[in-house]
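S.K.:
Residue numbers (this note's numbering), protein chains in the order written: chain A, 1 to 244; chain B, 1001 to 1473.
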């Protein structure tokens, strides 16, 4: 069982274009081949296939070694929305006032960030702009998520921010409530519980957050939302959320 | 069976991420990718700090590549010579007529197709590239050296391994804020494939906001969090990424991915922590604005503003290598006018870069490449039309501007042409764009006093090549 779980936790790229091409309404690009030259940031057909550089086309083989891969720009966007349950706004109608404000903000941020995101699955697409862009986009999504959940007065019925009282000071977003929220993020975004290192990182972040606000701000409910935004953003934009 | 197939089809239609597939029990360790060998090369930065990240070597000379997509008449602007550095028998297929064509010597005595009529009216210059070069003034001429590289390449093809950006990155050439910039949706950021090794994924720039967004948070992270909170966020993301990358220990490229994440995280924390990331847009610099013909009334998406910003950030050391692709150079439409217009455009861009370097008092290497070339009818006319592709009559250009004075190039040309009006493939660079790229890289290393890096970075393709024959510096 342990080996099976470990295997399931391997990050895989399913190069089965039939699966992805069937998902036409998800808007995903079909499984992109990795060019022999590049870190596969180029999705163009001309880059696929062999070249004089001595690389080779990817093949699917049970004997092949697995690789880490990342989502492309559209996959990052759609995945973040799917994981949080927020509506997707067509980028063609992003400015349409009939779309929700949060959804428009998210779509606008996505459009401004596409050049930072990879177009192919290769992990060589990991660079500083990708991580900054993912965090910025995640913050727009999380902001929308907070907007959506904070109006749910039955706090325990929320999906993500259970028992977080957004009308109270940040001192109330602590202890078991805080731990419960971050564990929820891990389960919903990564499909597993936090490990000890991650838990400590989140707890240290809260400590640092509170230490860096004034005494007056500590009684301010705005900082509760700020902490919620920070933790949600970090979880949603971490590598495990944007990898394949 | 039909029912279960329908159900499976519906399920597949909804699946979007790994987690979905795992949850549906469809990829219990089924599909993998073969790792191409190049992955090892591109995922290992050259020099070291604790996370083995490329360090920002501020003293490295900025490097800007201009990729001209389609096959510019490179050897009909710069006039290639034979091995003795004398004109070849004729240039009748190169659209320049006989060997007595007027030559205009510039920089370190480099020959360009000169004035077709008596006098110095630039409108009569046969080389429209040279005309464009001069359009922003000639003050940078005294500090610039030029080398024409006689190299054949594949016509209308993105596979020519001309790009040196990976080599530059392995030499730890990176910017203080951004790694490398490019305009094209490719691994090199430009038209061509990388020689030897691919660079880190470039930031694709189509508007100034792309640069601005790459050096800080935007959306709610940018507006709802104060500076300290942004730093806390960056630190938390770093820690999570590090922890999650370490969970992938069993996977082949996990160590390299971890390094990429660590390095990107270090860079981003530095960017977020710094409250003075400096100017990224030269539009408010009067001198540069005049060179690039820009002002704040021009859209930030306008190509002039984008190119100006990319070059500015490269020259200032904010970014690493800069690659700008210009399209429309597959211009054999049985006229000369289209090609002349595009050649002038390319020359003007190079002139703008060199003049910008002069105004900023920065050195710069400018490398101009194209995929293949063109031919004219076998004609005595010095303005014969372009009829088709002819990659065996190709070339690349290397410019080096130094505000301290013109660099001492021992030659204006690498390789040579034959009397058949084609590249002489007997030279080390003649038939091999990757060797030509390595030659440019070697000269850049020489200018940076870093020749010790040539062998470890590019040694494997220079086996059997006399490296000294590639050096003009």
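Don't be surprised by glycine CBs; every beta carbon is placed ideally from N, CA and C.
Note that the structure is a prediction, hence the values are computed from the model and not measured.
1. Is DSSP giving residue 1112 (chain B) helix, strand or coil here?
2. Taking only beta-carbon positions, decide if residue 1408 (chain B) is within less than 8 angstroms of chain A.
3. With 8 angstroms as the C-beta to C-beta threshold (strictly closer), list the residues of the stretch 1166 to 1183 of chain B near chain A in chain order.
4. Where do the ends of the beta strand (DSSP E) carrying residue 1400 (chain B) lie?
5. What's the C-alpha gap between residue 1211 (chain B) and residue 1301 (chain B)?
6. Give the range of the alpha helix (DSSP H) segment to which residue 1305 (chain B) is assigned.
7. Give, in chain order, every residue of the stretch 188 to 199 of chain A whose Cβ lies closer than 9 angstroms to some Cβ of chain B.
8. Between which two residues does the beta strand (DSSP E) carrying residue 1147 (chain B) extend?
9. Roughly how far, in whole angstroms, is the beta-carbon of residue 255 (chain A) from the beta-carbon of residue 227 (chain A), given that I think they are within contact range, below 8 angstroms?
10. Express the C-alpha separation of residue 1392 (chain B) and residue 1357 (chain B) in angstroms, rounding to a whole number.
11. Please classify residue 125 (chain A) as buried or exposed, where buried requires at least 16 other C-beta atoms within 10 Å of its C-beta.
12. Please report the Cβ distance between residue 1422 (chain B) and residue 123 (chain A), rounded to the nearest whole angstrom; I am assuming they are in contact, meaning their Cβ atoms lie under 8 angstroms.
13. Give the secondary structure of residue 110 (chain A) by DSSP, where H, G and I count as helix, E and B as strand, and everything else as coil.
14. I want to see whether chain B comes within less than 8 angstroms of residue 90 (chain A), judged by CB atoms only; does it?
15. Whose CA, out of B:1110, B:1344, B:1323, lies closest to the CA of residue 1310 (chain B)?
16. When burial is assigned at 16 or more other CB atoms within 10 Å of the CB, is residue 245 (chain A) buried or exposed?
17. Which chain B residues sit within Cβ distance under 9 angstroms of residue 245 (chain A)?
18. Are there 16 or more other CB atoms within 10 angstroms of the CB of residue 1279 (chain B), so buried, or fewer, so exposed?
19. Would a check of beta-carbon distances place residue 226 (chain A) closer than 8 angstroms to chain B?
20. With C-beta atoms as the reference, is residue 1433 (chain B) less than 8 angstroms away from residue 1160 (chain B)?
21. Are the beta-carbon atoms belonging to residue 1070 (chain B) and residue 1411 (chain B) less than 8 angstroms from one another?
22. Tell me residue 1282 (chain B)'s beta-bridge partners as DSSP assigns them.
23. Check whether the Cβ of residue 123 (chain A) sits closer than 7 angstroms to any heavy atom of the ligand GTP, and report yes or no.
24. Among residues of its own chain, excluding the 5 on either side of residue 1117 (chain B), which ones have a beta-carbon nearer than 8 angstroms to its beta-carbon?
25. Here's the rule I'm using: 16 or more other beta-carbon atoms within 10 Å means buried, otherwise exposed. How should residue 1251 (chain B) be labelled?
26. I'd like the list of long-range same chain contacts for residue 189 (chain A), defined as Cβ closer than 7 angstroms, with 5 residues on each side in sequence excluded.
27. If we require 4 or more residues per run, which alpha helix (DSSP H) segments fall completely within the stretch 1167 to 1246 of chain B?
28. If the criterion is Cβ atoms closer than 8 angstroms, does the pair residue 1313 (chain B) and residue 1398 (chain B) meet it?
29. Between residue 1428 (chain B) and residue 1442 (chain B), what straight-line distance do the alpha-carbon atoms span, to the nearest angstrom?
30. Is the stretch 1254 to 1271 of chain B touching the stretch 157 to 172 of chain A, taking contact as three or more C-beta pairs under 8 angstroms?
31. For residue 230 (chain A), go through chain B and note every residue whose CB falls closer than 8 angstroms to its CB, in chain order.
32. Check the Cβ-Cβ distances between residue 1301 (chain B) and every residue of chain A, and say whether any is below 8 angstroms.
33. Is any beta-carbon of chain A found at less than 8 angstroms from that of residue 1249 (chain B)?
34. Residues in its own chain within less than 8 angstroms of residue 218 (chain A) by CB, not counting five upstream and five downstream?
35. Considering only the beta carbon of each residue, do residue 1394 (chain B) and residue 1153 (chain B) sit closer than 8 angstroms?
36. Taking 8 angstroms as the CB-CB cut-off, is residue 1084 (chain B) touching chain A?
M.R.: Quick answer:
1. strand
2. no
3. 1178, 1179
4. 1396 to 1401
5. 12 angstroms
6. 1303 to 1315
7. 189, 190, 191, 195, 197, 198
8. 1144 to 1149
9. Missing from the structure shown is residue 255 (chain A); chain A here goes from 1 to 244 and no further.
10. 33 angstroms
11. buried
12. The pair is not a contact, with the Cβ atoms about 42 angstroms apart (cut-off 8 angstroms).
13. helix
14. no
15. B:1323
16. Only positions 1 to 244 of chain A appear in this structure, which leaves residue 245 (chain A) out of reach.
17. Not covered by the structure: residue 245 (chain A). The range shown for chain A is 1 to 244.
18. exposed
19. yes
20. yes
21. no
22. The partner list for residue 1282 (chain B) (beta bridge, DSSP) is empty, contrary to what the question assumes.
23. Because no ligand of any kind appears in the structure shown, any question about the ligand GTP cannot be addressed here.
24. 1124
25. buried
26. 83, 235, 236, 241
27. 1208 to 1213, 1219 to 1223, 1227 to 1246
28. no
29. 14 angstroms
30. no
31. 1225, 1229, 1232, 1233, 1236
32. no
33. no
34. 169, 170, 171, 210
35. yes
36. no
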